[in-house]
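What follows is a set of notes on a single structure, which appears directly below.
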Amino acid sequence: MDKRLNRATDNTFTSENCSVSSASKLESASEDVNNPMKIRKCVRKYDPEYINIGFTAIDVSNEPRPQCVICFEILSNQSMKPSLLNRHLSTKHSTLKNTPKDYFVRKLSEMKSTKKIISSFSGCTY
22 MDKRLNRATD
32 NTFTSENCSV
42 SSASKLESAS
52 EDVNNPMKIR
62 KCVRKYDPEY
72 INIGFTAIDV
82 SNEPRPQCVI
92 CFEILSNQSM
102 KPSLLNRHLS
112 TKHSTLKNTP
122 KDYFVRKLSE
132 MKSTKKIISS
142 FSGCTY
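Heads up, the sequence shown stops at 147 in our numbering, and the numbers go up one at a time, no gaps.
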């Protein structure tokens, strides 16, 4: 019992024991280019099975992001999880929850043709 009490008193939080916050780590990493500590960013990859949920992938800043084929909403890369994609479908498009894959494939082709029409009129490419 004495060991537990001694450990609890030894774990006092002082400025020497506290670790550097992640924000200050980011600032110091950006200041020092030759810093060996690299910050890894988790980039999720698109799975073709996500069309069953109603999502396709587009590239934004060289990272894939999910795009809803119904409302054309582009989500963040961290949202490329089946549970989060299902949440979008069930909250925003609750009537389409149990629709077959063919419906979403047809909506995807409609979305691509709409993009082509818009880019032909505006003169920009997507």
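The C-beta atom is built at its ideal place from N, Cα and C for all residues, glycine as well.
Short Cβ contact (7 Å threshold) for residue i with residue j
i	j	result
residue 125	residue 79	no
residue 98	residue 84	yes
residue 103	residue 96	no
residue 110	residue 74	yes
residue 61	residue 101	no
residue 89	residue 76	yes
DSSP state of residue i mapped onto helix, strand, coil
i	result
residue 131	helix
residue 149	Since the displayed the chain opens at 22 and closes at 147, residue 149 lies outside it and no answer follows.
residue 60	coil
residue 136	helix
residue 117	helix
Counted within 10 angstroms of its Cβ, other Cβ atoms place residue i as buried (16 or more) or exposed
i	result
residue 135	exposed
CB-CB length for residue i against residue j, believed under 8 Å
i	j	result
residue 139	residue 114	Not quite, the Cβ-Cβ distance comes to about 22 Å (not below 8 Å), so this is no contact.
Could you tell me which uninterrupted beta strand (DSSP E) segments, each at least 3 residues in length, are contained entirely in the stretch 66–112, listed from first to last along the chain?
-> At a cut-off of 3 residues, the continuous stretches assigned as beta strand (DSSP E) that sit fully inside the stretch 66–112 are 76–81, 84–89.
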